[in-house]
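The numbering of the sequence shown is the numbering used here, which starts it at 38 and goes up by one.
Single-structure report; data block below.
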Amino acid sequence: MDVALRRWLLREFVLAALAALTAVALISAGLSQAFAVGAAAGAWLAVSLVLYGPGVPPLLR
């Protein structure tokens, strides 16, 4: 497996784990599930845009 692909997959896995933890924390704080999942997905998208820029992810290049 290509090193760049491995790094990308690792970053995405970490982002997914952080998004899941964010959603759980927001739900535990009393927010609705829909809002918590939406906020976590938005955070995942924002971090992805910061890491990769507004282009095609490395996996799809």
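Yeah, the Cβ is synthetic: ideal placement off N, Cα and C, and Gly gets one too.
Keep in mind that this is a model prediction, so the values were computed, not measured.
Query raised in the report: If you compare alpha carbons, which of V40, A41, L52, D39 is closest to V99?
Result: Residue coverage of the chain in this structure runs from 38 to 98, which leaves residue 99 outside it and unanswerable.
Requested in this report: Using beta-carbon positions only, say whether A56 and A76 come within less than 7 Å of one another.
Outcome: Against the sequence shown, residue 56 aligns to sequence position 19. Against the sequence shown, residue 76 aligns to sequence position 39. Result no, Cβ atoms of A56 and A76 do not sit closer than 7 Å.
Query raised in the report: For V68, which of helix, strand or coil comes out of DSSP?
Result: Taking the sequence shown and counting its residues from 1, the one referred to as residue 68 is at position 31. Checking the sequence shown, residue 68 turns out to be Leu, not Val. L68 falls in the coil class under three-state DSSP.
Requested in this report: From the DSSP output, in three-state form, read off G90 for me.
Outcome: Residue 90 sits at position 53 when you count from the first residue of the sequence shown. Looking at G90 - three-state DSSP - the assignment turns out to be coil, as it is neither helix nor strand.
Query raised in the report: What do you get for A62, buried or exposed, if any count of 16 or more other CB atoms within 10 angstroms of its CB means buried?
Result: Stepping through the sequence shown from its first residue, residue 62 is reached at position 25. That one is exposed.
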